[in-house]
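Engineer: Let me begin by handing over the structure; questions about it come next.
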Amino acid sequence: MPRAAETTAPASLPPQGLPGLDPAFSRLVTAAETAAETAAETAAETAAETGGERPASRTWHLLDNADRLAELGLTPIGTVLCVHGNPTWSYLWRDLVTAATDAAIAGGPAWRVIAVDQLDMGFSERTGAPRPLARRVADLADLTAELGLAGPVLTFGHDWGGVVSLGWAVDHPTLLAGVLLLNTAVHQPEDAPIPAPLRLALRHGVLGAATVATPAFLETTLALAHPPLSAAVKQAYRAPYRGAARRGGIGAFVADIPVDDAHESAAELVRISTGVRRLDVPALMLWGPADPIFSDRYLDDLAQRLPQADVHRFEGAGHLIAEDVDYASAALTWLGDHTFAAPDPLPGAALPAGGLPASMFPAGVPVPVESARSAGHSRPEREQSEGWAASGQHPLWHYLDELQGSDDTALVDMAPPGGGAHRVVSWRLLSRRVRQLAAGLHLIGVRKGDRVSLLIPPGADLTAVLYACVRIGAIVVVADAGLGLRGLTRAVRGARPDHVIGAAPGLLAARALDWPGQKIAVARFPSTVARLLDISFTLAEIIALGADEQLPGTPGPGDTAAVLFTSGSTGPAKGVVYTHGQLAAVSHALHAQYDVGLGTGLVAGFAPFALLGPALGARSVTPDMDVTSPKTLTATAVAAAVAAIDATVVFLSPAALANVVATEATLSAADHRSLAGVRSFLSAGAPVSEPLLAAAARLMPGASAHTPYGMTEGLLMTDISLAGIREATAAVTTEASAIAAATPGSVTTETAATAGPGTTETTATDAPAGPGGVCVGRPAATTDLRISALDATGAATGALAETPGITGEIVVSAPHVKNHYDRLWLTDRASRSGVTPGRRWHRTGDVGHLDEAGRLWVEGRLPHVITSAAGVLTPVGPEQRLERVAVVARAAVVGVGPAGIQQVVAVVETTPAARRVGLAAPELAAAVRAAAGVPLAAVLVVPQLPTDIRHNSKIDRTRLAGWAAGILSGARMRRP
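Numbering (this note's numbering), first residue to last: 3 to 978.
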């Protein structure tokens with residue numbers, strides 16, 4: 003290290019004018035320095051100090067809102083002790099200090115927040131002496147002793163400050179009430195190298211130059227923010243580190259990273275990481291996954307050690323998560339959800355050197371449903387049952403056991419690997435393969451609670467592997483290719499699987515993008531390719547290993563079964579956690595609603611429903627199609643799938659259905675005969691128009707057409723038939739026509755038609771300008787439904803109610819509603835807020851209303867609600883009216899501008915499609931404005947509206963709103 007690292011300097015206060023930092027919170031505190039904790043540390047300090055005498059005290063700079071709270075006459079209910087990492091300083095915590103103070107002033111709980119500058123860092127004293135990890139933990143204890151902290155105390159750490167704060171937590175159980183963490187680590191996994199940026203900084207000849215002599219390490223860290231930091235905030239972080247003499251602590255921190263067991267801080271790190279496992283207190287981890295240093299593997303390790311922790315991963319955030327997201331509000335929300343009392347004192351007041359022995363800690367929180375390797379991916383399940391008999395449900399593998407001797411068809415693979423004719427799989431073969439795979443997977447180390455990512459195309463292989471994993475209690479991670487490569491990568495990395503089972507495309511992506519987990523191939527590869535892809539086993543090898551079919555015990559209804567990812571249509575795809583009991587309840591709901599069960603032939607153009615076939619006892623098939631593009635499904639492919647299993651039930655997404663109808667002309671007489679045998683037809687995943695459902699019904703004249711409403715978090719919530727849609731539409735049309743006739747100047751069919759020749763259809767339903775929406779019917783047999791009314795800001799703040807005609811967020815409850823979101827504590831909390839205690843409710847994020855007959859009408863998504871000067875507007879109603887204009891194929895209505903005074907803009911696709919983006923022609927614009935029922939600031943035309951990848955149906959209104967705002971502000975006319 004450069005000699006500058008040994009420079010001493012007194013503590014000082016930060017300069018005035020640093021953005022976001024109130025100087026009133028800064029103070030200097032002098033604390034006596036206790037004896038070193040270890041002999042090694044004593045020797046190191048003795049050698050470094052001149053004269054052989056230890057300084058009696060050290061002076062710290064810290065941020066502290068205690069004086070401000072005292073001025074206000076507020077008594078803190080506890081203390082949050084914040085410790086920064088390297089190379090930041092207490093400035094990192096400025097938002098939390100301010101937000102906690104403001105919350106107390108506003109009448110909320112009064113939390114004292116102390117954010118320290120560690121010695122040799124920030125504006126604290128430059129000691130010129132080595133300060134290894136044990137010394138830094140002791141330093142923090144010296145300071146808190148001087149401050150006279152009393153419980154409850156919660157520690158909050160980031161980066162290397164996370165380790166120091168946890169060291170203090172382990173040593174102070176009589177004060178500790180909880181721990182909070184931003185990106186940090188307490189253990190380096192044996193199978194992973196130290197992160198590349200740190201390896202580079204630790205290299206001989208680089209360490210001193212990069213960390214002390216130059217500000218390279220500091221500048222590299224400041225460049226990790228998402229979005230980039232402002233120039234003023236960067237200057238604030240640089241303020242205490244101007245000049246090599248001020249940066250000695252930065253270099254010393256890097257040098258103190260234990261690279262091996264011989265490092266002087268290695269033993270202390272082990273002591274802390276071991277002690278963390280015994281912390282039986284509430285915990286919160288807020289994480290930025292885009293961190294090149296503390297990646298998700300370190301989150302995994304911490305989640306294993308603190309399985310009781312609430313975890314939230316902020317997609318897009320990185321190492322400087324405190325700058326990337328509003329962590330302060332998240333932390334205060336979490337604090338408000340808990341009641342923290344001062345911990346019970348333990349016998350004896352003094353702490354022995356090195357902290358309390360393990361025998362004095364209470365036992366850690368058990369994790370009954372996940373293995374040691376994957377604990378903490380999701381919180382321990384709250385709901386445990388006495389077993390399947392007590393639950394009154396069948397496990398997902400029930401029919402695989404019951405029909406294991408049957409040669410009847412279980413499933414048909416219309417596009418088997420390698421091509422050729424479709425493959426027919428009997429119940430006997432499927433059951434045997436599932437048992438062999440389950441036994442083989444268990445033999446190679448796949449255990450109950452391990453996460454297994456399945457990157458296999460829909461078909462027999464995927465079905466067999468999925469049920470094998472389910473049978474041994476492994477947690478299947480299903481993130482389908484419909485998310486796109488970027489979305490799939492984000493989902494797989496976020497789920498942190500222990501094993502990945504995939505076909506060639508999935509394994510190639512896993513290798514190229516460094517997805518975690520042991521790799522298992524569906525098919526055999528040449529040895530060189532297998533080594534390149536890091537493949538451990540093939541399915542054929544696993545089947546051979548499991549030939550004896552010796553299976554472990556079965557998982558119970560309360561054990562975690564699956565993580566299913568949402569479509570990502572309104573943001574990054576979210577992992578939705580289901581237990582075995584909840585998935586069994588999904589099967590029961592489908593059976594109860596549509597009589598899908600033993601002997602039913604099921605065609606599923608949406609892979610998740612095909613996977614439920616064996617659980618229902620139904621023979622199933624997925625049509626030959628590109629699952630990443632549902633709109634590629636053709637009518638002949640559906641007819642072939644129906645014929646292959648003599649299907650009586652067909653399920654297709656709206657985008658797939660539209661292309662099936664569009665390719666009707668290719669059907670042969672035999673195809674029509676096959677489709678005539680279908681008895682039930684379902685389409686869901688996005689709103690389905692009556693004309694589209696009616697056209698599909700004409701293809702399947704013997705079928706009852708239905709469009710169920712649901713989401714990944716609850717796959718069947720309501721249902722309505724084509725006849726029901728027509729009944730509901732007729733009722734609304736009659737009411738609206740009566741209102742229009744009684745309202746002078748209202749938009750009628752006749753007035754709309756005068757807007758331009760050939761631009762509108764003559765239909766009475768053009769008249770009303772009410773909330774509109776898509777009618778999705780009444781609650782399914784096992785579902786309850788409520789509405790939380792929107793307030794003037796567009797937020798769903800109303801109490802849950804069933805009052806007709808009130809627009810609000812749709813809230814559902816059913817036995818098959820999701821258990822929770824995976825590592826998305828804030829999202830999960832929001833999905834349950836304001837609901838009836840004691841029941842599992844889910845706030846869907848959809849908005850709509852109930853009519854007088856108890857039918858649900860969906861009006862859009864909560865994030866797409868428009869708040870104009872005239873009031874709150876939901877998008878689907880106006881969009882429906884626009885789509886009645888003859889040349890409009892699809893429409894989106896979005897709001898641009900500040901909330902409360904947003905302007906309404908219509909964006910339309912036309913028939914024929916426009917070649918380029920632009921303002922609508924005057925005739926079209928006039929017709930659209932006349933039909934909309936609301937004032938429009940602009941009408942824009944695009945060749946194609948952006949939609950989600952999975953369904954190709956859900957319009958991305960958020961993206962459109964940003965695009966439209968740019969266009970109307972003079973940006974280049976480009977496609978959204």
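Glycine included, C-beta positions come from ideal geometry on N, C-alpha and C.
#1: Beta strand (DSSP E) containing Arg533: first to last residue?
#2: Quick check on the burial criterion: 16 or more other C-beta atoms within 10 angstroms. Buried or exposed for Met713?
#3: Just to confirm before moving on: does the CB-CB distance between His501 and Ile474 stay below 8 Å?
#4: Of the choices Leu858, Arg137, Glu881, Tyr300, whose alpha-carbon is the least far from that of His866?
#5: Looking only at its chain, what residues have a beta carbon closer than 7 Å to the beta carbon of Leu334, apart from the 5 residues adjacent to it on each side?
#6: Distance check for Val454 and Val188, CA to CA, integer angstroms please.
#7: What runs of the beta strand (DSSP E), each 3 residues or longer, lie entirely inside the stretch 637-696?
#8: Asp597 by DSSP, collapsed to three states: which one?
#9: Suppose the cutoff is 6 Å on Cβ atoms and the five residues either side in sequence are ignored; what does the same chain contact list for Arg533 look like?
#10: With distances taken from CA atoms, which of Pro817, Gly775, Thr876 is nearest Asp793?
#11: Do Ala929 and Val943 have their C-beta atoms within less than 8 Å of each other?
#12: Are the beta-carbon atoms of Val155 and Trp113 separated by less than 8 Å?
#13: Between the C-alpha atoms of Arg857 and Ala803, what's the straight-line distance to the nearest angstrom?
#14: Sort Ala6, Trp91, Thr9 by Cα distance to Leu15 and report the nearest one.
#15: Suppose contacts are defined by Cβ-Cβ distances below 8 Å. Is Thr157 in contact with Ala140 by that definition?
#16: Quick one: measure Cβ to Cβ for Gln395 and Pro616, integer angstroms, because I've assumed they're closer than 8 Å.
#17: Counting Cβ pairs closer than 8 Å, one from the stretch 638-658 and one from the stretch 599-607, do we hit at least three?
#18: Using DSSP with H/G/I as helix, E/B as strand and the rest coil, what is Trp965?
#19: Cβ of Asp144 within 8 Å of Cβ of Glu35?
#20: Apart from the five residues just before and just after Ala699, which ones in its own chain have a Cβ nearer than 6 Å to its Cβ?
#21: By Cβ distance, which residues of its chain are closer than 6 Å to Val837, with the 5 residues on each side in sequence left out?
#22: Please return the same chain residues whose Cβ sits closer than 7 Å to the Cβ of Gly290, not counting the five positions on each side in sequence.
#23: Is the Cβ-Cβ distance between Gln904 and Ile868 less than 8 Å?
#24: Please list the segments of the alpha helix (DSSP H) lying wholly inside the stretch 859-884, counting only runs of 4 or more residues, in order along the chain.
#25: Over the uninterrupted alpha helix (DSSP H) stretch that includes Pro781, give me the two end residues.
#26: Just curious, the alpha helix (DSSP H) that Phe255 is in, first and last residue?
#27: Asp846 lies in the alpha helix (DSSP H); which residues open and close that run?
#28: Using the Cβ count rule (16 or more neighbours within 10 Å means buried), how would you classify Met627?
#29: If we require 4 or more residues per run, which alpha helix (DSSP H) segments fall completely within the stretch 443-496?
#30: Tell me the residue span of the alpha helix (DSSP H) that contains Val2.
#31: Anyone know if the C-beta pair for Leu64 and Val115 falls short of 8 Å?
#32: Tell me where the beta strand (DSSP E) around Thr624 begins and ends.
#33: Of all the alpha helix (DSSP H) runs that stay within the bounds of the stretch 879-955, which reach a length of 4 or more residues?
#34: Report the option in Val814, Ala194, Asn88, Thr805 whose CA atom is closest to the CA atom of Asp786.
#35: Would you check if the distance between the CB atom of Arg1011 and the CB atom of Glu885 is smaller than 8 Å?
#36: From Thr411 to Arg425, what distance separates their C-alpha atoms?
Structural biologist: For this structure:
#1: In the sequence shown, counting from the first residue as 1, residue 533 sits at position 531. Note, Arg533: premise wrong, no beta strand (DSSP E); alpha helix (DSSP H) at 529-534.
#2: The residue labelled residue 713 in the question sits at position 711 within the sequence shown. Within a 10 Å sphere around the beta-carbon of Met713 sit 16 or more other beta-carbons, which makes this residue buried.
#3: The count along the sequence shown starts at 1 and reaches residue 501 at position 499. The count along the sequence shown starts at 1 and reaches residue 474 at position 472. No, Cβ-Cβ distance for His501 and Ile474 is not below 8 Å.
#4: In the sequence shown, the residue the question calls residue 866 occupies position 864. For the residues Leu858, Arg137, Glu881, Tyr300, the minimum Cα distance to His866 belongs to Glu881.
#5: Residue numbering aside, residue 334 sits at position 332 when the sequence shown is read from its first letter. Within its own chain, the residues whose Cβ lies closer than 7 Å to the Cβ of Leu334, once the five positions on either side in sequence are excluded, are Ala101, Ala102, Ala105, listed in chain order.
#6: Translated into the one-based positions of the sequence shown, residue 188 becomes position 186. Translated into the one-based positions of the sequence shown, residue 454 becomes position 452. Each residue's CA atom was taken as its position, placing Val188 and Val454 some 26 Å apart.
#7: List check, beta strand (DSSP E) in window: 651-654, 682-685.
#8: By 1-based counting over the sequence shown, the position of residue 597 is 595. Under the three-state reduction of DSSP, Asp597 is assigned to coil, being neither helix nor strand.
#9: Position 531 of the sequence shown, counting from 1, holds the residue named residue 533. Excluding sequence neighbours, Arg533 sits near nothing in its chain.
#10: Position 791 of the sequence shown, counted from the first residue, corresponds to residue 793. Here the closest residue by C-alpha is Thr876.
#11: Translated into positions along the sequence shown, residue 929 becomes position 927. Translated into positions along the sequence shown, residue 943 becomes position 941. Result no, Cβ atoms of Ala929 and Val943 do not sit closer than 8 Å.
#12: What you label residue 155 is simply residue 153 of the sequence shown in a count that begins at 1. What you label residue 113 is simply residue 111 of the sequence shown in a count that begins at 1. Their beta carbons are not under 8 Å apart, which means Val155 does not touch Trp113 by this criterion.
#13: Residue numbering aside, residue 857 sits at position 855 when the sequence shown is read from its first letter. Residue numbering aside, residue 803 sits at position 801 when the sequence shown is read from its first letter. Going from the Cα of Arg857 to the Cα of Ala803 covers about 14 Å.
#14: Along the sequence shown, read from residue 1 onward, the residue named residue 15 stands at position 13. Closest option to Leu15, Cα to Cα, is Trp91.
#15: Taking the first residue of the sequence shown as position 1, residue 157 is located at position 155. Taking the first residue of the sequence shown as position 1, residue 140 is located at position 138. No, the Cβ-Cβ distance between Thr157 and Ala140 is not below 8 Å.
#16: Position 393 of the sequence shown, counted from the start, is the residue given in the question as residue 395. Position 614 of the sequence shown, counted from the start, is the residue given in the question as residue 616. With a Cβ gap of about 15 Å, Gln395 and Pro616 do not count as contacting.
#17: Yes, the stretch 638-658 touches the stretch 599-607.
#18: Numbered from 1 along the sequence shown, position 963 holds the residue referred to as residue 965. In the three-state reduction of the DSSP assignment, Trp965 falls in the helix class, which pools H, G and I.
#19: For the purposes of this step, residue 144 is identified with residue 142 of the sequence shown, where counting begins at 1. For the purposes of this step, residue 35 is identified with residue 33 of the sequence shown, where counting begins at 1. Between Asp144 and Glu35, the gap from beta carbon to beta carbon is short of 8 Å.
#20: By 1-based counting over the sequence shown, the position of residue 699 is 697. Here the set comprises Ala707, Leu724.
#21: Within the sequence shown, numbered from 1, the residue matching residue 837 stands at position 835. Hits under 6 Å: Trp843.
#22: Along the sequence shown, read from residue 1 onward, the residue named residue 290 stands at position 288. Once the five neighbours on either side are set aside, the close Cβ partners of Gly290 are Asn185, Phe316, Ala319, Gly320, His321, Ile323, Asp326.
#23: Position 902 of the sequence shown, counted from the first residue, corresponds to residue 904. Position 866 of the sequence shown, counted from the first residue, corresponds to residue 868. Closer than 8 Å, so yes.
#24: DSSP runs (the alpha helix (DSSP H)) wholly in the stretch 859-884: 878-884.
#25: Taking the first residue of the sequence shown as 1, we reach residue 781 at position 779. Here Pro781 belongs to no alpha helix (DSSP H); instead the beta strand (DSSP E) covers 776-781.
#26: Here residue 255 refers to the residue found at position 253 of the sequence shown. It spans 250-257 - the alpha helix (DSSP H) in which Phe255 sits, taken as one unbroken run.
#27: Taking the sequence shown and counting its residues from 1, one reaches residue 846 at position 844. Reading off the sequence shown, one finds Thr at residue 846, where the question assumed Asp. That residue, Thr846, is in no alpha helix (DSSP H); its beta strand (DSSP E) goes 843-852.
#28: Stepping through the sequence shown from its first residue, residue 627 is reached at position 625. Met627 should be labelled buried.
#29: Runs of the alpha helix (DSSP H) inside the stretch 443-496: 462-474.
#30: Nothing can be reported for residue 2, as the shown portion of the chain is limited to 3 through 978.
#31: Here the question's residue 64 lines up with position 62 in the sequence shown. Here the question's residue 115 lines up with position 113 in the sequence shown. Not a contact, by the Cβ cut-off of 8 Å.
#32: Counted from its first residue, the sequence shown places residue 624 at position 622. First-last of the beta strand (DSSP E) with Thr624: 621-624.
#33: You should have 924-934.
#34: Taking the first residue of the sequence shown as position 1, residue 786 is located at position 784. Of Val814, Ala194, Asn88, Thr805, the residue nearest in Cα terms is Val814.
#35: Past the edges of the chain, shown from 3 to 978, lies residue 1011, and the structure says nothing about it.
#36: Reading the sequence shown from its first residue, position 409 is the one you call residue 411. Reading the sequence shown from its first residue, position 423 is the one you call residue 425. Going by the C-alpha atoms only, they are around 10 Å apart.
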